[in-house]
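Quick note on numbering: this note's numbering labels position 91 of the sequence shown as 107, and the sequence is numbered without any gaps.
Read through the structure below, which is laid out as structure tokens, and then see the notes.
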Amino acid sequence: LKLKSTSEASSEPPMIQEESSKSIFVIRHAQSKMNIALKSATADTEFAVRFDKQIKDAEITEHGMSQCEKAAETNNGNNETIFGSHPNRPRIEVLPEIREVISDAGDVPLAWNGDHEKVYDYDFSRLEKFGSRKPLWFTSVFEEPVRDRLFELMDQQEPGSTLEDVIIDEMIRIYPQVLESKMAVMERVLGV
């Protein structure tokens, strides 16, 4: 499917035309609780805030939700609104290789438990390739040796800690180095 653009001033929705398979990449970026926490951090508290385990997988703020709503209006709505019940409505495929750079606790997703599959009619089949590592699928796309180190740490997880906490602890240990570079993420994304 191809979306035929209309001018921004037009009130008409995009037109759907039959064409060979195309991809539409949708990337969410809206204000999160981590953005707010870092904005109010001082030089003395910034490190503690950045790796605060209470802010892992940071939720979107009310302002962030309004940003998403505005983006949906700008784009004539979400998948349901754009494609409606059109017989060629595409199924959204989740590509685990395309995700944000993990640079603080707010970027560390909570372990996958399959709940998203019950809520969203999306194609999550690409997560199956991670097998037993599916709960923390995002660690599988790190480069070696970081991936191997994280797997080792997760396999030796202390009782009472979460897998996400293991990853945050490693982020703290190697700081100011990072688990992955922005360049590595870009190369992975371009390879999809």
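For glycine and all other residues, C-beta sits at the position ideal for the given N, C-alpha and C.
On a predicted model such as this, the values are computed, not experimentally measured, just so you know.
**Report entry** Same chain, Cβ closer than 6 angstroms to Ile-12, neighbours up to 5 away in sequence not counted
**Finding:** In the structure displayed, the chain extends from 17 to 208; residue 12 sits before or after that span and is not available.
Requested in this report: Just confirm the distance between the C-beta atoms of Ala-74 and Gly-122, as a whole number of angstroms; I'd bet it's less than 8 angstroms.
Outcome: The Cβ separation is near 3 angstroms, so the contact holds.
Report task. Go ahead and pull the three-state DSSP assignment for Glu-109. Result -> It is a strand residue.
Requested in this report: Would you tell me roughly how many angstroms separate the C-alpha atoms of Ile-184 and Lys-86, rounded to the nearest one?
Outcome: Taking the straight line from one Cα to the other gives about 33 angstroms.
Query - With 16 other Cβ atoms within 10 Å as the buried cut-off, status of Met-81 - result: So Met-81 counts as exposed.
**Report entry** 6 angstroms Cβ shell around Asp-181 - same chain, five flanking residues per side excluded
**Finding:** Cβ neighbours of Asp-181 beyond the five flanking positions: Lys-69.
Query raised in the report: If you drop the 5 nearest sequence neighbours on each side, which residues of the same chain put their C-beta closer than 7 angstroms to that of Phe-158?
Result: Excluding residues within five positions, the ones whose Cβ falls inside 7 angstroms are Leu-166, Leu-195, Glu-196.
Query - Span of the alpha helix (DSSP H) around Ala-200 - result: For Ala-200, the enclosing alpha helix (DSSP H) starts and ends at 198–206.
Requested in this report: Mind checking who Tyr-138 pairs with in its DSSP beta bridge?
Outcome: Looking at the DSSP assignment, Tyr-138 forms a beta bridge with Ile-108.
Query - Simplified DSSP assignment, three categories, for Val-194 - result: The three-state reading of DSSP puts Val-194 in coil, since its state is none of H, G, I, E or B.
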